[in-house]
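Reminder that position 214 of the sequence shown reads as 203 in the working numbering, one-by-one numbering, no gaps. From the three backbone atoms N, C-alpha and C, an ideal C-beta is built for every residue, glycine too. So the structure is just underneath, and the comments pick up after that.
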Amino acid sequence: MVGKKSTLGGMYDHFLHIAPRYRELRTTDLGPVLFITHKLQNLPNIRAADIGCGAGRYSLKLVQHLGEKCHLFCLDNNREMLRHLNQHFIKNNIVNFTPIRSDSHKIPLQTDSLDCVMSFNAVHHFSLQNFLKESSRVLKNNGKLFIYTRLRDQNAKTIWGTHFPSFDKKETRLYELDELKSAFEKDPNLNINSVQFFEHHRVYPLEKLVEQAKNHHYSTFKFYKKHEFREALHRFVQNILNHYDDLDKISWKDQNTLLVIENKQ
Ligand SMILES: C[S@@+](CC[C@H](N)C(=O)[O-])C[C@H]1O[C@@H](n2cnc3c(N)ncnc32)[C@H](O)[C@@H]1O
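If you want it as structure tokens, here you go:
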């Protein structure tokens, strides 16, 4: 029990520490934002929540694409992430949002009050069944839940999964599609409407990849002991040198999954 608590505390501190650089360290994909915007286009007004919003890289794009008819509640349990989100929105002259510090399974919003709940790259950090139950509670009848994530097998095919020693083995929190599907089967109100797969062609210089890893842009790196991480990073660089000729253009494909879920009460 103590072990579990300290791991969770460690993860909170990880996000606290990385918050100022989180947006620049991660790559933000426009595809799911455009897909969600299109799905919601016929709603005259939109009350939505982004759960586990972090420093707001997806939240901002969503508000910008959905426009003034949208009010976005940005929820995260991490105070530093929310502080950086707030600054980011103010800098971009966005006012139709409310940052809320809260846990994913205790959303301080009214029952039946939202048209849409979304979560990007965060669901594997939550208590899944409790998050689903709480999302269903706050969603209106026919409201939509969008979950954007990388599945465990998609994670294994990333540049990290293929070339960074033990990366896919250390990352045990991600789900497979079947596991997500069976979680929805357990919830009486939430039905999967569709599953979308996205493929993103990435080209980065090796220098940038090393910088990302050193800064633990994926929290998976927190699962390495210090010396183990140093050794793994060294081997990662060797692996890249063996596989690529142009170190300014390391290319690979990332895959992600977007689940579109409907709330029926
Ligand atoms: C991997 S980051 C993703 C952030 C953001 N969605 C993005 O894609 O940039 C996961 C976020 O979930 C938050 N988080 C983790 N567990 C949470 C929980 N139980 N309730 C609310 N937020 C949580 C973390 O603080 C962090 O900001």
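- Message: Under 7 Å: does the beta carbon of Tyr47 sit that close to some heavy atom of ligand 1?
- Response: Checking every heavy atom of ligand 1 against the Cβ of Tyr47, one is found closer than 7 Å.
- Span of the beta strand (DSSP E) around Pro88: In this chain, the beta strand (DSSP E) harbouring Pro88 covers Phe86 to Arg90.
- Counting only the same chain and skipping the five closest in sequence on each side, list residues whose C-beta sits under 8 Å from that of Val226. Around Val226: Leu195 and Val199.
- Task: May I have a chain-ordered list of the alpha helix (DSSP H) segments no shorter than 4 residues that lie completely inside the stretch 30 to 61?
- Result: As far as the stretch 30 to 61 is concerned, its whole alpha helix (DSSP H) runs of at least 4 residues are 46 to 55.
- Return the chain-ordered list of same chain residues with a C-beta closer than 6 Å to the C-beta of Glu139, the five sequence neighbours on each side being excluded. The question names Glu, but residue 139 in the sequence shown is Arg. Around Arg139: Asn245.
- Message: What would DSSP say about Met(-10), mapped onto helix, strand or coil?
- Response: Below a pLDDT of 50, predicted positions are generally treated as unreliable, and Met(-10), at 31, falls in that range; no measurement from the model is reported.
- Item | Cβ distance (whole Å) where His77 is taken to contact Gly45 below 8 Å | Indeed they touch by this definition, with Cβ atoms about 5 Å apart.
- Message: Per DSSP, what are the beta-bridge partners of Trp241 in this structure?
- Response: Paired residue(s): Arg191.
- Query: Of the choices Asp101, Asp2 and Ala172, whose alpha-carbon is the least far from that of Asn66?
  - Reply: Comparing Cα positions, the closest option is Asp2.
- From Gly(-8) to Asn144, what does the alpha carbon distance come to, in whole angstroms? At Gly(-8), the pLDDT of 36 sits below 50, so the modelled position is not reliable; the number obtained from the coordinates is stated separately. When rounded, the distance between both Cα atoms is 25 Å.
- Task: Would you decide whether Thr(-4) is buried or exposed? Buried here means 16 or more other CB atoms lie within 10 Å of its CB.
- Result: Low per-residue confidence applies at Thr(-4): pLDDT is 45, beneath 50, and the placement is therefore not dependable, though the value from the model is reported in the following sentence. By the 10 Å Cβ count, Thr(-4) comes out exposed.
- Message: Within 8 Å, do at least three Cβ pairs link the stretch 101 to 111 to the stretch 78 to 92?
- Response: No, they do not touch.
- Task: Please go through the same chain and pick out, in chain order, the residues whose beta-carbon is closer than 8 Å to the beta-carbon of Val127, but skip the five residues on each side of it.
- Result: So the qualifying residues of the chain are Ala38, Ile96, Leu98, Gln99, Thr100, Asp101, Ser102, Leu103 and Val106.
- Distance, Cα to Cα, Lys215 vs Asp235? Taking the straight line joining both Cα atoms gives about 29 Å.
- Could you give the residue range of the alpha helix (DSSP H) that holds Lys159? First-last of the alpha helix (DSSP H) with Lys159: Phe156 to Lys159.
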